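Protein chains in written order, with the numbering used here: chain U, 392 to 477; chain G, 1075 to 1683.
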Amino acid sequence: MKLLRLIEFLRRHLRAVIYGCLAVLVLLVLVDAVPVFVNKTHAHTKAEHIPGFWAAFGFVACALIVLVSKAFGHAGIMTREDYYDE
Amino acid sequence: MSDIPAIVGALTSDLRPLTSSFWLHPSLILIIGGLLLPLVPARLRQGWLLLIPILTFARIVALSRGTFGEVHFLQFTLVFGRVDALSTVFAYIMGLMCILGTLYGMHVKRTIEHTVAWIYVAGSLGAIFAGDLLTLFLFWELMALSSVFLIWFRGRAESLGAGYRYLLVHMAGGVALLAGIILHYKATGSMAFAAFDVHHPSPAAYLVMIGFILNAAVPPLHAWLPDAYGEATFNGSVFLCAFTTKTAVYALIRGFAGMEILAVLGVIMALYGVVYAVLENDCRRLLAYHIVSQVGYMVAAVGLGTQLALNGAIAHAFAHILYKGLLFMGCGSVLFMTGRSKFTDLGGLYQKMPWTFVFTLVGGLSISAFPLFSGFVSKSMILQAGFEEHRLWAAFGLMVASSGTFLHTGLKVPYFIWFGKNHCTKETWERAAEPPWNMMTAMAITSVLCIFIGCYTPYLYGMLPYPVDYHPYTSYHVSETLQILLFTALGFFLLIKKLEPEAKISLDLDWPYRVGGRAFLWLARKPIQYIDTGIGEVYRVAGLIPLMAVSRLSGVFDNRIIDGAVDGFAAGVRNFGSRLRAAQRGSLQENLTLVFATATVVVAVFVLF
């Protein structure tokens, strides 16, 4: 099966895949800073003109969601699986 | 050959007087098709299962605009067919999803499962085309009463309980809706389903809205959704995830566009679903929490109420039905093949189910609004409307929810099922394989549709009721979205230890009625048990004992008089006696559903007249 071979090929070269992805992330922020590529005249707020604003927003939002939710869950919301059984 | 147009012309001119008085409701095709299904010979059944939804869809596409199917009933005029820009687009996507959902579950042998699913879809279509509140209510209840079977048919002890809770919550919502409708009628003298006064809402309007937002799963009235959708059959959830909440979104758009409180509730909803999705260990319950989150976008858009926002809500509902259906198909395939749906029982399945992985990933990228996928062209309209209305809190709140959506549905679900640590038992691993061809085909078609909508925007935008002056593919919007999503992915892989699934459940707002119910149960158990035993005894004395006596008598008669000839008769009667006893004890579920249905009608009739 070709699809399976592709997935296994990518897994064998995991290090290269990770470096490739990191390169994409860096490139994304760099491109965002060049007005020729990304036209920001329609940005809604001032903060959005900072290069990489949405990158930081995405990362912080993700971290907040994980940490806050887990803290909430461990404050007593998460419980054993047979809680409702009797 | 040249005769054919003439013949067709003559035929259609003959039909015209008939069609002008009779309007074929699309729901009718589904209901009749569903009721006839058990009579269709087994070898033709698969063809029938494809034919009926396709006919329904064709009927929806062929509908011309206008008001049809008016029935005078006592002092009311019931309108079964209001066909306008808003109802057509919703009916279109419901009809399409019915084809895909039926194809996905086509190999299910028990015909009744298909019948109830179609009646459920018929309820949704009926509610969408309803021009008055009474007809709306009728179909609204039909949806609840038929869809509960999609949960019960799973056949586990847990699904039985989940089904009862689902039914009770929806009946409570139905009562609020009916009360609102009656008060509204008393106050205005009109049953027409039109926009309510959202700036000075009356108590009646609030009651109707409560009925609607319960079906839209707006917190605190949302806990029925993950409870039920996580417990339904593997294909039942594919139907459930599309129809109830999106019909409610339709009703909200029709009745409450611009209602301020919905903007607030929508944003809360979008974030609430995300928080619970972090904690969830069952993949289908996780997807269910993301319905809450995604419907939050639509509810918020209804609250904003501008043309762009309403277009966005409709477009997002359209896209959502497809990608959420696809996600439930993917996780349903895993459940169907392995019997497992918890992350702590799965992992590493890419070796066994690679194509299911790809299809689920397409669903995940679509819900996350990746460029070129369907969510990108619909969700962004809502965000744009939020920014244009200067509701920055709403827009940024929904942006945070976007990050959470990709985090779970785009990353957590695929990663912990198909990669991650392999938790499969030997048995699970051996059972795991790609699902049957019809499930694969349904997923493939839905995937293509998700990508098609994302790439070719005129398809979806052309169906929207308001003119669309919006272009999602600007450099800024693409850059903004890619940054949010890819840096969310970075966060995911950095925090992956934190996200490792835990074999736990999370308490939600179904706690009060699940635990509160216990106290009630404890009180009720003894009297009910007592009555049950009493009734059983009455049946035994009044039913079984006389029957046994008859059977004995006829045995004597048999022996002495017609020796041998009617030998089987006595045994037959005795058999009948014991069958009768079993039937009388009956299946509680069917009885209860019937009772609810009758009670609904009785209450409606009693209060109205």
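Ideal placement from N, C-alpha and C gives every residue a C-beta, glycine not left out.
None of the values given here were measured: they were computed from a predicted structure.
Contact defined as beta carbons within less than 8 Å: I believe G1205/G pairs with A1266/G. What is the distance between those atoms, to the nearest angstrom? 7 Å
At least one CB of chain G closer than 7 Å to the CB of F411/U: is that the case? According to the sequence as given, residue 411/U is Gly; it is not Phe. Answer no: the Cβ-Cβ gap between G411/U and chain G never drops below 7 Å.
Please work out which residues of its chain come closer than 6 Å, Cβ to Cβ, to T1412/G, disregarding the five sequence neighbours upstream and downstream, and give them in chain order. These residues qualify, in order along the chain: T1502, R1505 and A1506.
Tell me the start and end of each unbroken alpha helix (DSSP H) in the stretch 1247-1304 of chain G that is at least 4 residues and wholly inside, in chain order. 1277-1289 and 1298-1303
Whose C-alpha, out of F1317/G, M1180/G and K1571/G, is nearest the C-alpha of M1739/G? It is not possible to answer for residue 1739/G, since the shown part of chain G is limited to 1075 through 1683.
In the DSSP assignment, what are the bridge partners of T1130/G? Secondary-structure assignment with DSSP links T1130/G through no beta bridge to anything.
Distance between D1158/G and H433/U (C-alpha atoms, nearest Å): 34 Å
Flag this pair as touching only if the stretch 1434-1441 of chain G and the stretch 1387-1398 of chain G have three or more C-beta atom pairs under 8 Å; answer yes or no. yes
Is Q1368/G close to chain U, meaning its C-beta is less than 7 Å from at least one C-beta of that chain? By this cut-off, Q1368/G is not an interface position.
Whole angstroms are fine: how far does the CA of V1243/G sit from the CA of P1586/G? 12 Å
Checking 7 Å against the spacing of the C-beta atoms, do A1387/G and M1372/G come in under that value? Yes, Cβ-Cβ distance for A1387/G and M1372/G is below 7 Å.
Does DSSP put F1447/G in a helix, a strand or coil? coil
To which residues of the same chain is G1107/G closer than 6 Å at the C-beta, ignoring the five residues directly before and after it? Taken in chain order, the residues that qualify are I1126.
Whose C-alpha, out of N1385/G, G1235/G and K1486/G, is nearest the C-alpha of K1572/G? The candidate whose alpha carbon is nearest that of K1572/G is K1486/G.
Beta strand (DSSP E) segment containing T1141/G, residue limits: G1140 to F1147
Unbroken alpha helix (DSSP H) run spanning V1157/G, endpoints: Note, V1157/G: premise wrong, no alpha helix (DSSP H); beta strand (DSSP E) at F1150 to V1157.
In the DSSP output, what is S1580/G paired with across the bridge? M469/U
Since I1527/G and A1443/G are thought to touch, with beta carbons under 8 Å apart, how far apart are those beta carbons, to the nearest angstrom? Wrong, their Cβ atoms sit about 12 Å apart, outside the cutoff.
Spatial neighbours of I1193/G within its chain, please: CB distance less than 8 Å, with the 5 preceding and 5 following residues excluded, ordered by chain position. L1104, I1105, G1108, L1216 and S1220
What residues of chain U sit near K1578/G, judged by a beta carbon separation below 7 Å? M469, T470, R471 and E472
Hey, out of G1379/G, D1271/G, P1532/G and N1309/G, whose CA is closest to G1340/G's CA? G1379/G
Would you say T1499/G reaches chain U, if we count a Cβ-Cβ gap shorter than 7 Å as a contact? no
Expressed to the nearest angstrom, what Euclidean distance is found between the alpha-carbon atoms of Y1240/G and S1452/G? 30 Å
According to the neighbour-count rule (16 or more other Cβ atoms, all chains shown, within 10 Å of its Cβ), is L1457/G buried or exposed? buried
Sheet register partners of K1416/G (DSSP bridge): D1356/G
Rounded separation between G1638/G and Y1613/G - CA only: Low per-residue confidence applies at G1638/G: pLDDT is 49, beneath 50, and the placement is therefore not dependable enough to give any value.
Within 7 Å of any Cβ in chain U, is that where the Cβ of L1569/G sits? With a threshold of 7 Å between beta carbons, L1569/G makes contact with chain U.
Look at the alpha carbon of V420/U and the alpha carbon of A1253/G, and state the distance between them as a whole number of angstroms. Between V420/U and A1253/G, the C-alpha separation is close to 55 Å.
Against chain U, with Cβ distances strictly below 7 Å, would F1699/G count as a contact? Outside the shown range of chain G, which is 1075 to 1683, sits residue 1699/G, and nothing can be said about it.
Name, please, each residue of chain G whose Cβ falls closer than 7 Å to the Cβ of V429/U. Per Cβ cutoff of 7 Å: S1549, Y1550 and S1553.
Spatially closest choice to P1445/G from V1114/G, Y1178/G and C1524/G, by CA coordinates: C1524/G
Do you know how far the Cα of C1405/G is from the Cα of D1582/G? Between D1582/G and C1405/G, the alpha-carbon positions lie close to 22 Å from each other.
Just checking, does the stretch 1170-1188 of chain G make contact with the stretch 1508-1525 of chain G on the three C-beta pairs under 8 Å criterion? yes
Given that L419/U touches chain G, what residues does it touch there, using C-beta distances under 9 Å? S1553, L1556, Q1557, L1560 and F1561
At the 7 Å Cβ level, is G1237/G part of the contact set with chain U, yes or no? By this cut-off, G1237/G is not an interface position.
Return the first residue and the last residue of the alpha helix (DSSP H) that D476/U is part of. Neither: D476/U is in no alpha helix (DSSP H) and is coded neither H nor E.
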